[in-house]
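Residue numbers (my numbering): 106 to 387. Heads up, the beta-carbon is just placed ideally off N, CA and C, and yes, glycines get one too.
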């Protein structure tokens, strides 16, 4: 018997990592017109970004349903010591609410705790990875849930966008709306603060934006975990990963990932992000 870990596809956890850690990923939905697709299941990253940039229809996203979570909990619950369900911020998605509503409906005997990380994308991915590691190490339900909550409290996610166009189209600008006046002239940096999208800085060039992204990561040091995310620029992400390698303790490689369709809908092409977990060392 063991604790099972569940997340949603906005976590942008690489599929191989999720599989190796026994994490169950519940897909969100992407809709192009009347075509409903499951994030990470029904279309590849290349196919999605091609349609996002060149298609005539802007996609819509929706969270997994209560029924989706109910089915997953009933699939993984039997024989387990509990389920820890770790999700994107409730302030930017209804996913947490769907998961919470599914708990009393799921026909399982084990306890279920749903965690609102107040984060998004790979920051959630790092939290999920730490949670799953605790489960694989044999932690009991209370221990694994505590690891999830503690890691979430120490997590940060900073993103350099090539434009705010996609965030604005998707209605997720939030406090970053102050940046819209310079939409065509700046590269905005955004951060998740208290679970909502907020302005961090403005850069006049992509090079300057990447430098500011690096500076932000260093300002949060010392760190326990670092991840690098991209939408359409893998070479830049690999170069950025090499530049933050010295921030990762023990010679670990930063976790490198591509944003899936749900996050990519709002981040748009050319986005680069750094997710991290601050150390609790003095």
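Let me know if residue 331 comes out buried or exposed under the rule of 16 or more other beta-carbons within 10 Å of its beta-carbon. As a working note, residue 331 is residue 226 in the chain shown. Answer is buried; the Cβ neighbour count reaches 16.
Okay, do the stretch 107-118 and the stretch 215-229 touch, 3+ Cβ pairs below 8 angstroms being the bar? Look at the beta carbons and you see the stretch 107-118 touching the stretch 215-229: at least three pairs across the two are nearer than 8 angstroms.
Residue 332 lies in the alpha helix (DSSP H); which residues open and close that run? The residue given as residue 332 occupies position 227 in the chain shown. Not the alpha helix (DSSP H): residue 332 falls in the beta strand (DSSP E), residues 328-335.
What is the rounded straight-line gap between the Cα of residue 283 and the Cα of residue 180? One-based indexing of the chain shown puts residue 283 at position 178. One-based indexing of the chain shown puts residue 180 at position 75. For residue 283, the pLDDT reaches just 47, beneath the cut-off of 50, and the residue's location in the model is therefore unreliable, although a value from the coordinates is still provided. Distance between the alpha carbons of residue 283 and residue 180: 45 angstroms.
Touching or not, the stretch 196-207 and the stretch 237-246, by the rule of three or more beta carbon pairs under 8 angstroms? They do not touch, by the three-pair rule.
Could you tell me which whole alpha helix (DSSP H) segments of length 4 or greater appear in the stretch 194-240? As far as the stretch 194-240 is concerned, its whole alpha helix (DSSP H) runs of at least 4 residues are 200-207.
Between residue 369 and the rest of its own chain, which residues show a CB-CB distance below 7 angstroms, the 5 nearest in sequence each way excluded? Walking along the chain shown from the start, residue 369 turns up at place 264. Hits under 7 angstroms: 153, 154, 157 and 336.
Please determine, among 194, 260, 140 and 353, the residue with the shortest C-alpha to C-alpha distance to residue 114. Mapped onto the chain shown, residue 114 falls at position 9. In terms of CA proximity to residue 114, 194 leads the group 194, 260, 140 and 353.
Could you say if the stretch 360-369 and the stretch 217-233 meet the contact criterion of at least three C-beta pairs nearer than 8 angstroms? Three or more Cβ pairs closer than 8 angstroms define a contact, and the stretch 360-369 meets that threshold against the stretch 217-233.
Where the beta strand (DSSP E) through residue 362 begins and ends: The residue you call residue 362 lines up with position 257 of the chain shown. First-last of the beta strand (DSSP E) with residue 362: 360-363.
For my contact list, residue 334 and residue 380 are in at a C-beta cut-off of 8 angstroms; report their separation, rounded to the angstrom. The residue you call residue 334 lines up with position 229 of the chain shown. The residue you call residue 380 lines up with position 275 of the chain shown. Yes, residue 334 and residue 380 are in contact; Cβ-Cβ is about 6 angstroms, under 8 angstroms.
Kindly indicate which three-state DSSP category residue 320 falls into: helix, strand or coil? Locating residue 320 in the chain shown gives position 215, counting from the first residue. If DSSP states are grouped into helix, strand and coil, residue 320 belongs with the helices.
For residue 160, report the span of its alpha helix (DSSP H) as first-last. Indexing the chain shown from 1 puts residue 160 at position 55. Counted as a single uninterrupted DSSP element, the stretch harbouring residue 160 is not any alpha helix (DSSP H), since DSSP gives it neither H nor E.
Measuring CA to CA, which of 125, 146 and 129 is closest to residue 135? One-based indexing of the chain shown puts residue 135 at position 30. Comparing Cα-Cα distances from residue 135 to each of 125, 146 and 129, the minimum goes to 146.
Assuming residue 326 and residue 196 make a contact with CB atoms under 8 angstroms, what is their CB distance in whole Å? Translated into the one-based positions of the chain shown, residue 326 becomes position 221. Translated into the one-based positions of the chain shown, residue 196 becomes position 91. With a Cβ gap of about 26 angstroms, residue 326 and residue 196 do not count as contacting.
Which first and last residues belong to the beta strand (DSSP E) in which residue 298 is found? Position 193 of the chain shown holds residue 298. Under the DSSP assignment, residue 298 falls in the beta strand (DSSP E) whose first and last residues are 292-298.
List the endpoints of the continuous beta strand (DSSP E) containing residue 304. Working through the chain shown from its first residue, we reach residue 304 at position 199. It spans 301-308 - the beta strand (DSSP E) in which residue 304 sits, taken as one unbroken run.
Quick test of your reading: residue 174 and residue 123, contact by CB under 8 angstroms. State the CB separation rounded to the nearest angstrom. On the chain shown, residue 174 is found 69 positions in, with the first residue counted as 1. On the chain shown, residue 123 is found 18 positions in, with the first residue counted as 1. The Cβ separation is near 17 angstroms, so there is no contact.
DSSP-derived helix/strand/coil call for residue 381: One-based indexing of the chain shown puts residue 381 at position 276. If DSSP states are grouped into helix, strand and coil, residue 381 belongs with the strands.
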